[in-house]
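Protein chains: 2
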Amino acid sequence: MKEWLVADDLETIALGAPILGTGGGGDPYLGKLMARAAMSRSGRVPMISLRDIPDESLVIASAMMGAPTVFVEKVPSGGEPVVAFRALERFLGRKADATYSIEAGGLNSTIPIGTAARIGIPLVDADGMGRAFPEIQMVSPSIYGYPATPMALADEKGNVLLIRDSLNNRWTERFARNATIDMGGSSMIALYPLEGWQAKRALLPGSISLARRIGHRIRLAWNEKTDPIEAVLQATRGRELFRGKISDLERRSETGFARGIVRLRGTGAFDSQDLSIHFQNENILAELDGRRVAAVPDLISILDSETGAPITTEGLRFGLRVVVITIPSHPKWRTKKGLELVGPECFGYDSDVPAT
Amino acid sequence: MKEWLVADDLETIALGAPILGTGGGGDPYLGKLMARAAMSRSGRVPMISLRDIPDESLVIASAMMGAPTVFVEKVPSGGEPVVAFRALERFLGRKADATYSIEAGGLNSTIPIGTAARIGIPLVDADGMGRAFPEIQMVSPSIYGYPATPMALADEKGNVLLIRDSLNNRWTERFARNATIDMGGSSMIALYPLEGWQAKRALLPGSISLARRIGHRIRLAWNEKTDPIEAVLQATRGRELFRGKISDLERRSETGFARGIVRLRGTGAFDSQDLSIHFQNENILAELDGRRVAAVPDLISILDSETGAPITTEGLRFGLRVVVITIPSHPKWRTKKGLELVGPECFGYDSDVPAT
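Heads up: the sequence lines are chains B and P, in that order. Going by the working numbering, the first sequence opens with residue 1, and the numbers climb by one from there. Going by the working numbering, the second sequence opens with residue 1001, and the numbers climb by one from there.
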């Protein structure tokens, strides 16, 4: 199926995607502005279903890496992610037939829309995580042994690097992370070039339309004055985990990541209970009165209790009234290989993943 | 002119080159073993004069980057520098007509000989420094604005990176240095691809034959029981700066470099005088009783007072009896552009360069 994304869709995706982003990926508002600027000529971008891409086509993910806040300051024109994309195409000696999101949530949901608009290729309605994760190897193509390489990195100064081969996707993460730090904290990247048949096997379908559906339900709830939290839960098949006020926040920057713990004091049905959420860019696990109640790969999202709007890690503030929800991850992540890539142990915690 | 380097030349070059290496570049003994292993099939490697390479030919430098000690442990077979070389050729879509040394001194004098032998191309009798310097941008092609890029880095694990474009050669140094640290402290590199006409304009001619001539004179002095120090001074047009014993040594590893100060107590004519030499891999400047008497870009080399054999930074030991010599740098380094690249200020000292 082919459909058209228009400017209003960006609005809706930018609202819904951060719920899948589970706190990470930065404010999609700015990705939305970038995509809108890119769309201004064509007015629309074609989106195709994962199942409809030809087996022999080439798809390449377009994304940013590093700190979203830095990226937004460095890349005002929005055209730069195309630089990395073009560099990879040139290295491959082949034009991409479509682009896709490496992760759902934050800037990386909307950046590929801008790239698609500027280059004039379709966006695939899919992504490599079904959510957001902080590292390059944490994508479903890794489950199938598909390399992130060749991968291109570019910055706004004219530096262009290619990681041609690496031992595995963790090594690619390491090289790319340090190059990104050298580039001033953020870079534009093009990676995971996949043949159509590989993409159909490895990517998670429907992520863009899911983000849009979530955003749509929230907007509808606002218009109809119904409960936006309930709308999110219905759109995501999630469940409410906790309701309360942010009572404490520990946040530190470590090796290019925002790590920390946010503590909530329960209200209503959760009165006198405490929830702690550990995060590394994204929310990693939640403990209710010290007992783990949710963990990666499942999604843990923090919503504003009044509006249902998602709150990113940077948006956390003392005193905010929030609802915490969990959403089951894609079943691929619950497999042995999936858990080895993105389970709690990958973030330094023991392996227990509670049922959602 | 074309001549042939044979196994015995390696011996001689490995002895003479570290005098141009001014303390840096590691023990060329191991580079010699690598080159000899590579030569074992052909038995000899053609060497051509810089002036004889055709204008439209392509020459590429073959080298190692990082800590020589680490490199030697990681690269026992000696074939690996070819991996980076081949990666760059493939990226350029063009085979190199010859290879060359990026610096004179240490491993990087002999590594290109091994690469030439394995690939079956000539070595150019030239280099990019006329000595050794610690950083990628510190080469004569930088004076002419020639980029180090595209540049390939490879390691023994199968990782291959390409720096396609960078803002300038300092940026290339930064990216390559951190990737080399990621690769475990050393990498194999191929860089500064030059057209023949560019090479003739920018490279420093005769470096390999100079290293061989120095080594030859030392061996001759050993055989004839004449003064090897005098032989070195004649071959290099250098002058004796100091004679004494190592009385103190401060050495620390910082951001991938060996930095420190070696202090000498004078003997003979230098009795009761003190010389301090500051180094960053290579010897940077010398102070006699607190007064600067030699500095980059000029060469400061420490020789064993009995044998005349060069002592690398790693070889410095308390109590060693040594002779310190200075050799005038290539005139290109004494220009304004040259001093901006490799003068004392580039190493954090004030700009004064005493006459040699």
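C-beta: ideal position from N, C-alpha, C; glycine also. Bear in mind the structure is a predicted one, so any value in this text is a computation, not a measurement.
Under 8 Å Cβ to Cβ from residue i, same chain only, skipping five residues before and after it: list those, please.
{"i": "Lys1245 (chain P)", "result": "Leu1264, Arg1265, Thr1267, Gly1319, Leu1320, Arg1321, Val1322"}
{"i": "Tyr144 (chain B)", "result": "Gln198, Arg201, Ala202"}
{"i": "Glu1240 (chain P)", "result": "Ile1229, Leu1233, Val1323, Val1324, Ile1325"}
{"i": "Phe257 (chain B)", "result": "Pro134, Gln280, Asn281"}
{"i": "Val1160 (chain P)", "result": "Val1083, Ala1084, Ala1087, Ala1152, Leu1153, Ala1154"}
{"i": "Glu1056 (chain P)", "result": "Glu1195, Gly1196, Trp1197"}
{"i": "Leu1050 (chain P)", "result": "Val1124, Asp1125, Ala1126, Ala1199, Lys1200, Leu1203, Pro1205, Gly1206"}
{"i": "Tyr349 (chain B)", "result": "His278, Ile284, Leu285, Ala295"}
{"i": "Trp1004 (chain P)", "result": "Arg1044, Val1045, Pro1046, Met1047"}
{"i": "Ile1053 (chain P)", "result": "Val1059, Asp1097, Ala1098, Val1124, Gly1196, Ala1199, Lys1200"}
{"i": "Leu288 (chain B)", "result": "Leu241, Phe242, Gln273, Asp274, Leu275"}
Measure the beta-carbon distance from residue i to residue j and round it to whole angstroms, keeping in mind my assumption that it falls under 8 Å.
{"i": "Ala199 (chain B)", "j": "Val45 (chain B)", "result": "About 18 Å separates the two Cβ atoms, so there is no contact after all."}
{"i": "Ile208 (chain B)", "j": "Ala235 (chain B)", "result": "Rounded, the Cβ-Cβ distance is 14 Å, inconsistent with contact."}
{"i": "Gln1358 (chain P)", "j": "Pro1134 (chain P)", "result": "Only positions 1001 to 1356 of chain P appear in this structure, which leaves residue 1358 (chain P) out of reach."}
{"i": "Met1065 (chain P)", "j": "Ala1202 (chain P)", "result": "Not really, about 20 Å apart at Cβ, beyond 8 Å."}
{"i": "Ala1104 (chain P)", "j": "Arg1131 (chain P)", "result": "6 Å"}
{"i": "Gly26 (chain B)", "j": "Leu123 (chain B)", "result": "So it is not a contact: roughly 19 Å between Cβ atoms."}
{"i": "Ser109 (chain B)", "j": "Ile13 (chain B)", "result": "6 Å"}
{"i": "Ala63 (chain B)", "j": "Ile189 (chain B)", "result": "5 Å"}
{"i": "Arg1243 (chain P)", "j": "Ala1269 (chain P)", "result": "7 Å"}
{"i": "Met1138 (chain P)", "j": "Leu1204 (chain P)", "result": "Contact doesn't hold; Cβ gap of about 13 Å is too wide."}
{"i": "Gly1016 (chain P)", "j": "Ala1211 (chain P)", "result": "4 Å"}
{"i": "Pro18 (chain B)", "j": "Pro328 (chain B)", "result": "Wrong, their Cβ atoms sit about 18 Å apart, outside the cutoff."}
{"i": "Asp182 (chain B)", "j": "Asn1178 (chain P)", "result": "6 Å"}
{"i": "Leu167 (chain B)", "j": "Gly1158 (chain P)", "result": "5 Å"}
{"i": "Ile1121 (chain P)", "j": "Ala1096 (chain P)", "result": "6 Å"}
{"i": "Ala383 (chain B)", "j": "Tyr29 (chain B)", "result": "As shown, chain B starts at 1 and ends at 356. That puts residue 383 (chain B) outside it, with no answer to give."}
{"i": "Ile1111 (chain P)", "j": "Gly1031 (chain P)", "result": "6 Å"}
{"i": "Leu92 (chain B)", "j": "Leu299 (chain B)", "result": "Not quite, the Cβ-Cβ distance comes to about 33 Å (not below 8 Å), so this is no contact."}
{"i": "Ser140 (chain B)", "j": "Lys332 (chain B)", "result": "6 Å"}
Counting only the same chain and skipping the five closest in sequence on each side, list residues whose C-beta sits under 7 Å from that of residue i.
{"i": "Val1082 (chain P)", "result": "Thr1115, Arg1118, Ile1119"}
{"i": "Gly343 (chain B)", "result": "Val296, Pro297, Ser351, Val353"}
{"i": "Arg1317 (chain P)", "result": "Ile1246"}
{"i": "Ala1231 (chain P)", "result": "Arg1217, Ile1218, Leu1220, Ala1221, Gly1308"}
{"i": "Arg1252 (chain P)", "result": "Arg1259, Gly1260"}
{"i": "Asp1165 (chain P)", "result": "Thr1149"}
Could you tell me which residues DSSP pairs with residue i in its beta bridges?
{"i": "Gly244 (chain B)", "result": "B:Gly266, B:Val322"}
{"i": "Ser253 (chain B)", "result": "B:Ala258"}
{"i": "Pro310 (chain B)", "result": "B:Leu303"}
{"i": "Arg44 (chain B)", "result": "B:Val6"}
{"i": "Gly66 (chain B)", "result": "B:Ser186"}
{"i": "Ala1294 (chain P)", "result": "P:Ala1286"}
{"i": "Phe279 (chain B)", "result": "B:Gly260, B:Asn283"}
{"i": "Glu195 (chain B)", "result": "B:Leu58"}
{"i": "Leu162 (chain B)", "result": "B:Ala152, P:Leu1162"}
{"i": "Ser1049 (chain P)", "result": "P:Asp1125"}
{"i": "Leu1204 (chain P)", "result": "P:Asp1127"}
{"i": "Ile327 (chain B)", "result": "B:Leu299"}
{"i": "Asp1271 (chain P)", "result": "Answer is none; Asp1271 (chain P) lacks a bridge partner."}
{"i": "Arg239 (chain B)", "result": "B:Thr326"}
For residue i, which residues of its own chain have a beta-carbon under 6 Å away from its beta-carbon, when the five flanking residues on both sides are left out?
{"i": "Ala148 (chain B)", "result": "Ile136, Asn169, Thr172, Leu191, Tyr192"}
{"i": "Gly23 (chain B)", "result": "Phe279, Glu282, Asn283, Thr312, Thr313"}
{"i": "Thr180 (chain B)", "result": "Met65, Gly66, Ser187"}
{"i": "Leu1194 (chain P)", "result": "Val1059"}
{"i": "Lys1337 (chain P)", "result": "Ile1143"}
{"i": "Phe347 (chain B)", "result": "Gln280, Ile284"}
{"i": "Lys2 (chain B)", "result": "Pro46, Ile48"}
{"i": "Val376 (chain B)", "result": "Residue 376 (chain B) lies beyond the stretch modelled for chain B, which goes from 1 to 356, so this question has no answer here."}
{"i": "Ala35 (chain B)", "result": "Leu10, Thr110, Ile113, Gly114"}
{"i": "Leu1341 (chain P)", "result": "Met1138, Ser1142"}
{"i": "Glu1250 (chain P)", "result": "Gly1260, Ile1261"}
{"i": "Val330 (chain B)", "result": "Here residue 330 (chain B) is His; the residue named in the question, Val, does not match the sequence. Hits under 6 Å: Gly130, Leu204."}
{"i": "Thr1356 (chain P)", "result": "Asp1298, Thr1326, Pro1328"}
State yes or no: is the C-beta of residue i nearer than 8 Å to some heavy atom of the ligand GDP?
{"i": "Glu135 (chain B)", "result": "The model on display carries no ligand, and the ligand GDP is accordingly not part of it."}
Segments of 4+ residues assigned as alpha helix (DSSP H) that fall wholly inside the stretch 74-156 of chain B: Counting whole runs of 4 or more residues, the stretch 74-156 of chain B contains the alpha helix (DSSP H) stretches 81-92, 107-119, 140-143.
Inspect the CB distances between the stretch 1003-1014 of chain P and the stretch 297-308 of chain B and report whether three or more fall short of 8 Å. no
Are the stretch 149-161 of chain B and the stretch 88-102 of chain B touching by the rule of at least three beta carbon pairs closer than 8 Å? yes
Counting only runs that start and end within the stretch 332-356 of chain B, where is the alpha helix (DSSP H) found for 4 or more residues in a row? 336-342
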